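Visitor: Take 4 as the starting number for the sequence shown in the numbering used here and just add one per residue.
Beta carbons are placed, not taken as given, at the ideal position from N, Cα and C, and that holds for glycine.
Remember, predicted model here, so these are calculated numbers, not experimental data.
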Amino acid sequence: MNRTILAVLTALLLVLDMQAASAERIKDLTSVAGVRTNQLVGYGLVVGLDGTGDSSSQPFTVQSMTNMLAQLGVVIPASARPQLKNAAAVMVSAELPAFSKPGQTIDVTVSSMGNSKSLRGGTLLMSPLKGIDGQVYAVAQGNLVVGGFGADGADGSRVTVNIPSVGRIPNGATVERAVASPFDKGDALTLDLNTADFTTASRVVESINRNLGKDTARALDGGSVRVRAPLDPDKKVMFVSMLENLEVDPGEAPARVIINSRTGTVVIGSHVRVMPAAVAHGSLTVTIAEKPQVSQPAPLSRGATTVVPQSSVSVSQENNRMFLFDPGTSLDEIVRAVNQVGAAPGDLVAILEALREAGALRAELLVI
Numbered sequence: 004m005n006r007t008i009l010a011v012l013t014a015l016l017l018v019l020d021m022q023a024a025s026a027e028r029i030k031d032l033t034s035v036a037g038v039r040t041n042q043l044v045g046y047g048l049v050v051g052l053d054g055t056g057d058s059s060s061q062p063f064t065v066q067s068m069t070n071m072l073a074q075l076g077v078v079i080p081a082s083a084r085p086q087l088k089n090a091a092a093v094m095v096s097a098e099l100p101a102f103s104k105p106g107q108t109i110d111v112t113v114s115s116m117g118n119s120k121s122l123r124g125g126t127l128l129m130s131p132l133k134g135i136d137g138q139v140y141a142v143a144q145g146n147l148v149v150g151g152f153g154a155d156g157a158d159g160s161r162v163t164v165n166i167p168s169v170g171r172i173p174n175g176a177t178v179e180r181a182v183a184s185p186f187d188k189g190d191a192l193t194l195d196l197n198t199a200d201f202t203t204a205s206r207v208v209e210s211i212n213r214n215l216g217k218d219t220a221r222a223l224d225g226g227s228v229r230v231r232a233p234l235d236p237d238k239k240v241m242f243v244s245m246l247e248n249l250e251v252d253p254g255e256a257p258a259r260v261i262i263n264s265r266t267g268t269v270v271i272g273s274h275v276r277v278m279p280a281a282v283a284h285g286s287l288t289v290t291i292a293e294k295p296q297v298s299q300p301a302p303l304s305r306g307a308t309t310v311v312p313q314s315s316v317s318v319s320q321e322n323n324r325m326f327l328f329d330p331g332t333s334l335d336e337i338v339r340a341v342n343q344v345g346a347a348p349g350d351l352v353a354i355l356e357a358l359r360e361a362g363a364l365r366a367e368l369l370v371i
């Protein structure tokens with residue numbers, strides 16, 4: 004009797020562990036509306052390159068170098084043509100995280116916009132980074148870290164590993180201006196689901212109201228949940244901290260078949276079902292080989308040498324078996340049936356498309 008009770012308790016604990024493992028935090032399912040990153044972009048010059056910079060035919064690089072030197076008190080005659088082998092014009096991009104304050108640093112990505120072969124060993128000069136509103140939010144400067152490299156041969160051959168014309172500067176930009184956030188305004192927050200789903204939105208509302216009080220949350224639609232929150236910023240931070248750690252069992256994904264047309268990758272969701280259908284799949288191969296022969300005339304004859312065409316045509320067809328899908332066939336059975344006939348990914352795509360046209364595929368077919 005004790006062994007039976009122990010076995011039942013063990014099975015119950017395993018079930019509870021599986022249920023707990025399937026639950027996810029609200030932090031991983033949603034984001035707070037208005038709390039977002041902002042894209043920054045700027046233009047700059049990279050100097051100190053080992054002869055891998057832009058050529059003198061790049062007008063924007065020559066103009067940028069001339070303007071920069073003029074601001075530093077160096078006047079270049081109009082007739083002079085600066086050699087820019089050690090400098091390159093670049094675009095600088097970065098993402099400004101939410102709640103970033105002046106004085107904090109962010110990473111930047113530096114990309115060549117001319118014909119520079121490599122930015123390895125270069126230094127980015129001070130470059131302002133602007134937002135979509137045209138205001139400067141950060142200033143970037145520093146030494147580049149480039150993961151790629153290239154090597155040139157005397158005969159013009161070249162070997163390139165990765166992309167040497169793009170580099171990064173860790174903590175290479177200093178934030179100069181903060182972006183206003185709506186987080187500390189109002190007595191409510193809106194949680195936007197990462198993937199809109201009515202079941203998940205309903206369960207998020209249920210979890211919040213069960214743990215934080217009735218009518219604390221209400222669903223606006225299948226992708227947003229509005230939550231009442233304290234007015235005081237300090238209490239609001241504590242409230243969101245508790246809110247985002249609540250666990251929710253999200254709704255299951257819809258039945259979908261994803262096909263990557265470029266790589267031939269096929270991903271079938273666990274809820275895909277097939278109605279009764281019989282499938283026979285084979286390939287017909289026609290091969291035509293041309294073997295021309297030369298006809299040589301006899302000596303002292305008036306004939307001419309000619310080329311006589313000779314064609315060889317062969318036809319082959321794979322002898323694949325037909326397989327039958329029973330009602331409600333699961334993903335495991337689909338894969339097993341397709342593997343039995345040795346269908347390649349391209350053949351699998353053709354089978355799935357035919358099943359959809361026949362109305363036997365109970366799933367959404369997406370081609371990316």
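Just curious, the alpha helix (DSSP H) that I211 is in, first and last residue?
Guide: Element bounds for I211: 201-215.
Visitor: Following the continuous alpha helix (DSSP H) through M94, name the residue where it begins and the one where it ends.
Guide: Premise fails: M94 lies in the beta strand (DSSP E), 90-99, not in any alpha helix (DSSP H).
Visitor: According to the neighbour-count rule (16 or more other Cβ atoms, all chains shown, within 10 Å of its Cβ), is M68 buried or exposed?
Guide: Classification of M68: buried, given that the 10 Å Cβ count is 16 or more.
Visitor: Under a three-way DSSP split, which group does Q144 fall into?
Guide: Q144: strand per DSSP, three-state reduction.
Visitor: Could you pull the DSSP bridge partners for Q296 from this structure?
Guide: Partner(s): V311.
Visitor: List the DSSP bridge partners of G76.
Guide: According to DSSP, which records beta bridges pairwise, G76 is partnered with nothing at all.
Visitor: Helix, strand or coil for N70? Go by DSSP, reduced to three states.
Guide: Reduced to three states, the DSSP call for N70 is helix.
Visitor: Using a Cβ-Cβ cut-off of 8 Å (strictly less than) and excluding sequence neighbours within five positions of T308, which residues of its own chain qualify?
Guide: Excluding sequence neighbours, T308 sits near V297, S298, Q299, P300.
Visitor: Within 10 angstroms of the Cβ of I135, are there 16 or more other Cβ atoms? Answer buried if so, exposed if not.
Guide: By the neighbour-count rule (16 or more Cβ atoms within 10 Å), I135 is not buried but exposed.
Visitor: Does the beta-carbon of S58, which I'm using as the reference point, lie nearer than 6 Å to any heavy atom of the ligand GTP?
Guide: In the structure on display, the ligand GTP does not appear, and there are no ligands present to speak of.
Visitor: Only counting the same chain, and skipping five residues up and downstream in sequence, which positions put a Cβ closer than 6 Å to that of Q138?
Guide: Once the five neighbours on either side are set aside, Q138 has no close Cβ partner at all.
Visitor: Considering L236, what are the terminal residues of the alpha helix (DSSP H) in which it resides?
Guide: The question names Leu, yet the displayed sequence has Pro at residue 236. Here the alpha helix (DSSP H) through P236 covers 236-247.
Visitor: Tell me, please, whether the region 28-35 touches the region 74-87 by the rule of three or more beta-carbon pairs shorter than 8 Å.
Guide: No, because fewer than three Cβ pairs between the region 28-35 and the region 74-87 fall closer than 8 Å, the two stretches do not touch.
Visitor: Report buried or exposed for V311, applying the criterion of at least 16 other Cβ atoms within 10 angstroms of its Cβ.
Guide: Exposed: under 16 other Cβ atoms inside 10 Å.
Visitor: To the nearest angstrom, how far is it from the Cα of V260 to the Cα of T193?
Guide: Going by the C-alpha atoms only, they are around 32 Å apart.
Visitor: What first and last residue would you give for the alpha helix (DSSP H) that runs through L32?
Guide: Counting along the chain, the alpha helix (DSSP H) containing L32 begins and ends at 29-32.
Visitor: Find the nearest neighbour of P62 within the set A143, A90, N174, F102, judged by alpha-carbon distance.
Guide: Minimum Cα distance to P62 is reached at A90.
Visitor: Taking the DSSP output, what are the residues bridged to L43?
Guide: Its beta-bridge partners are A97.
Visitor: Along the beta strand (DSSP E) that carries E367, what are the first and last residues, could you check?
Guide: Unbroken beta strand (DSSP E) run through E367: 367-370.
Visitor: Expressed to the nearest angstrom, what Euclidean distance is found between the alpha-carbon atoms of R180 and L223?
Guide: One C-alpha to the other measures close to 34 Å.
Visitor: Drop a sphere of 10 angstroms on the beta-carbon of A83, count the other beta-carbons inside from all chains shown, and report buried for 16 or more, exposed for fewer.
Guide: So A83 ends up on the exposed side.
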